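S.K.: Using my numbering, the letters of the sequence shown map in sequence onto residues 81 to 630. All C-beta atoms, glycine included, are put in the ideal place defined by N, C-alpha and C. What you are looking at is a predicted structure, and each value in this text was computed from that prediction instead of being measured.
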Amino acid sequence: MRSFQTDVLVIGTGGAGLMAAITARERGSDVIAVSKGPIGGANCTLISHAGFRGTVKGFSEEDHFNITMQAGAGLNEPHLVRILAEDADKVLKLRRYGVPVQERSRGYFCHGQSGMEGAAIIKPLVRYAQEIGVKLISRTLMWELLVEDGVVVGAWGLDFGSGEYVHIAARAVVMAAGGAGAIYSRTDNPLRTTGDGYALAYRAGLKLADMEFVQFFPLGNANPAFANRRINAMTADVGKLLNKDGEDIVAKHGINVHPLAIQARDRLSRAICQEVAEGHGIDGAIALDLVNCGTEDWARGDQLFGEKSAESIREFLVKYFKIDEKPLLVLPTGHFFMGGIPIDGEGRTGISGLIAVGEVTAGVHGANRLGGNALTETVVFGERGGLEAARMAEARSSHKTALPERDMAEKIAQLPSVLTGEGEESEPLSTLRERLRQLMWEKVGVLRNEAGLRESLTEISYLSSNCRWDFDVNQPEQVIEAMELRNLMLVAEAVNRAALERRESRGSHYREDFPDVSDEWRLHLVVEHGNLGMNIGRSPIGSLFAGQEA
């Protein structure tokens with residue numbers, strides 16, 4: 081076992097984690113940042129289209145606040161949205177770190193390196209973090225937060241490159257492990273986005289909020305070979321989305337908010353899936369028809385999005401998908417989690433010394449995220465979380481945080497029994513994982529109902545507890561896969577139970593058996609530990625974090 085001591089431990093090296101690490105280090109803290117994949121790799125910032133919501137070209141703080149609250153369908157925490165809107169111009173600070181941020185259109189910033197997408201954000205941040213002395217540890221999955229007397233003292237996990245267990249003692253910990261797109265068979269997230277941060281927090285005793293709200297991007301490529309690729313949002317407004325009868329489904333479903341794939345992601349995803357479910361699909365998908373789109377159509381896309389990228393988008397789609405010859409089949413894909421760990425305005429959680437930032441948190445986006453807010457959130461709350469972590473570490477500079485080696489050895493010895501189920505039937509990890517992901521897509525995806533949700537809960541229970549998992553505890557890669565699967569199971573159950581409890585349709589959560597919005601459900605559902613397992617509680621708007629801070 082390898083042991084480290086640091087002031088601030090950051091778990092995750094996407095945009096939010098790197099911002100937190102850089103900020104804490106600039107404040108004078110010793111910082112270790114841990115990534116499950118390569119440093120800065122396998123995160124959603126890296127695969128983003130790199131657009132930031134912000135106060136630019138006449139788009140005011142009040143505009144930003146109002147449109148974010150509207151998108152969140154009444155479930156945002158207003159004080160967090162106010163921080164997001166007031167501090168959104170901090171995305172310009174990225175220029176200090178080598179990210180070429182520039183104004184794009186009303187309400188939007190973007191990076192200035194065409195074709196690099198999120199890499200133009202992540203690569204400079206990684207380079208800057210290295211230059212200022214952040215210690216970076218890759219290919220290590222942190223399995224458990226170490227908490228003593230309500231105070232976080234570090235975390236431990238497994239390096240699946242060397243096979244060594246890793247113990248990191250810290251005076252403050254920043255959770256920035258991202259979302260859990262990998263619970264679905266269709267997702268544009270990296271496939272190792274397995275909800276590790278949610279699972280770490282829940283096992284440490286924290287509540288999770290709003291887990292039923294998962295955003296689906298409507299224009300996922302329907303071809304299984306490209307299931308993790310989404311089609312550029314502009315194309316929904318340039319072409320037409322047609323069912324097998326040639327009906328324009330945007331008009332059919334009365335969607336009149338533009339840009340469609342930005343402002344109406346939930347409604348458009350639902351319309352596509354409803355058409356397919358009712359038998360109007362084409363090979364289980366909907367056709368995005370761009371064949372007859374001319375210069376004026378693509379120019380409309382540029383005008384709507386305030387950029388001049390339509391021609392390059394068209395050329396890419398012609399080259400790789402022959403859109404000038406045939407329609408492209410699309411189907412929604414899992415994209416973003418609105419729910420997670422409740423935080424206050426500085427990223428503090430219900431465990432003293434533990435900060436959470438980015439997609440792993442709840443409260444900013446409510447029931448549905450406005451396009452462009454995810455990256456702005458990483459900058460605004462990543463910086464605030466990093467500052468708070470450094471402050472906490474300074475306040476605890478005289479505290480000892482390392483656990484005795486004996487305690488760590490006992491935790492490691494217990495791991496195999498924690499990971500494996502108890503049933504007689506044995507399944508390989510890969511089979512279990514795909515069964516879970518397909519189950520979640522079919523029963524807990526865009527369209528939900530009570531019968532499907534109850535069926536999936538039963539199956540999740542069987543896969544989690546009653547089926548023995550077949551893997552070699554002496555092979556680090558297989559142990560990591562089992563850890564990831566255990567995390568996926570936990571998150572899948574949380575999403576499922578919250579979706580079953582919420583008997584209405586709001587934002588990204590749609591119940592076929594309760595299709596309307598109800599004022600009765602304008603509240604947060606929280607997933608918490610109970611005597612018999614996972615329970616669902618309720619929290620009023622405005623009090624999600626109140627009373628939780630240790």
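For residue 580 versus residue 549, is the C-beta distance shorter than 8 Å?
M.R.: No, the pair does not count as a contact, with Cβ atoms beyond the cut-off.
S.K.: Closer than 7 Å: is that where the CB of residue 292 sits relative to any heavy atom of the ligand MN?
M.R.: Ligands in the displayed structure: none, and consequently the ligand MN is not present.
S.K.: According to DSSP, is residue 673 part of a helix, a strand, or is it coil?
M.R.: In this structure the chain extends from 81 to 630, so residue 673 is not present and cannot be described.
S.K.: Just to confirm, is the Cβ distance from residue 109 to residue 473 under 8 Å?
M.R.: Yes, the pair counts as a contact, with Cβ atoms nearer than the cut-off.
S.K.: Taking the straight line between their C-alpha atoms, what separation do you get for residue 268 and residue 454?
M.R.: One C-alpha to the other measures close to 15 Å.
S.K.: Between the Cα of residue 421 and the Cα atoms of 595, 279, 155, 162, which residue gives the shortest distance?
M.R.: Ranking the options by Cα distance to residue 421, first place goes to 279.
S.K.: Taking the straight line between their C-alpha atoms, what separation do you get for residue 340 and residue 272?
M.R.: Distance between the alpha carbons of residue 340 and residue 272 is about 29 Å.
S.K.: Measure the Cβ-Cβ separation of residue 112 and residue 89 and say whether it is below 8 Å.
M.R.: For residue 112 and residue 89, yes; Cβs fall inside 8 Å.
S.K.: Looking at the structure shown, is residue 185 part of a helix, part of a strand, or coil, going by DSSP?
M.R.: DSSP places residue 185 in strand when its eight states are reduced to three.
S.K.: What is the rounded straight-line gap between the Cα of residue 248 and the Cα of residue 605?
M.R.: Near 33 Å, if we compare the C-alpha coordinates of residue 605 and residue 248.
S.K.: Determine whether the beta carbon atoms of residue 444 and residue 160 lie at a separation below 8 Å.
M.R.: Going by C-beta atoms, residue 444 is nearer than 8 Å to residue 160.
S.K.: Determine the closest residue to residue 287 out of 593, 335, 578, with distance taken between C-alpha atoms.
M.R.: When each option's Cα is compared against that of residue 287, the closest is 578.
S.K.: Let me check one thing: in DSSP terms, what residues is residue 506 bridge-paired to?
M.R.: Looking at the DSSP assignment, residue 506 forms a beta bridge with 548.
S.K.: Using C-beta distances below 8 Å, list every residue in its chain close to residue 221, excluding the 5 sequence neighbours before and after it, in chain order.
M.R.: 116, 237, 238, 240, 276, 560, 563, 564.
S.K.: What does a CB cutoff of less than 8 Å around residue 629 pick up in its chain, not counting 5 residues either side in sequence?
M.R.: Unreliable placement is indicated for residue 629, whose pLDDT of 43 sits below 50; the coordinate value is still reported in the next sentence. For residue 629, where only same-chain residues beyond five positions count, the Cβ hits under 8 Å are 424, 428, 429, 430, 432.
S.K.: Helix, strand or coil for residue 37, going by three-state DSSP, please let me know.
M.R.: Nothing about residue 37 can be reported from this structure: the residues present for the chain run from 81 to 630 only.
S.K.: Tell me the rounded alpha-carbon separation between residue 620 and residue 405.
M.R.: For residue 620 and residue 405, the distance between alpha carbons rounds to 52 Å.
S.K.: Restricting to runs no shorter than 3 residues, where is the beta strand (DSSP E) found entirely within the region 285-314?
M.R.: Segments of the beta strand (DSSP E) lying fully in the region 285-314: 294-301.
S.K.: Rounded to the nearest angstrom, what separates residue 175 and residue 121 at their Cα positions?
M.R.: Taking the straight line joining both Cα atoms gives about 21 Å.
S.K.: Using the Cα positions of residue 102 and residue 205, report the straight-line distance between them to the nearest angstrom.
M.R.: Distance between the alpha carbons of residue 102 and residue 205 is about 8 Å.
S.K.: In whole angstroms, what is the alpha-carbon distance linking residue 151 and residue 342?
M.R.: Those two C-alpha atoms are separated by around 10 Å.
S.K.: With C-beta atoms as the reference, is residue 179 less than 8 Å away from residue 105?
M.R.: Not a contact, by the Cβ cut-off of 8 Å.
S.K.: Given that a residue counts as buried once 16 or more other Cβ atoms are within 10 Å of its Cβ, and exposed if not, what is residue 306?
M.R.: Exposed.
S.K.: Would you say residue 131 and residue 184 are within 8 Å of each other, going by their C-beta atoms?
M.R.: A contact, by the Cβ cut-off of 8 Å.
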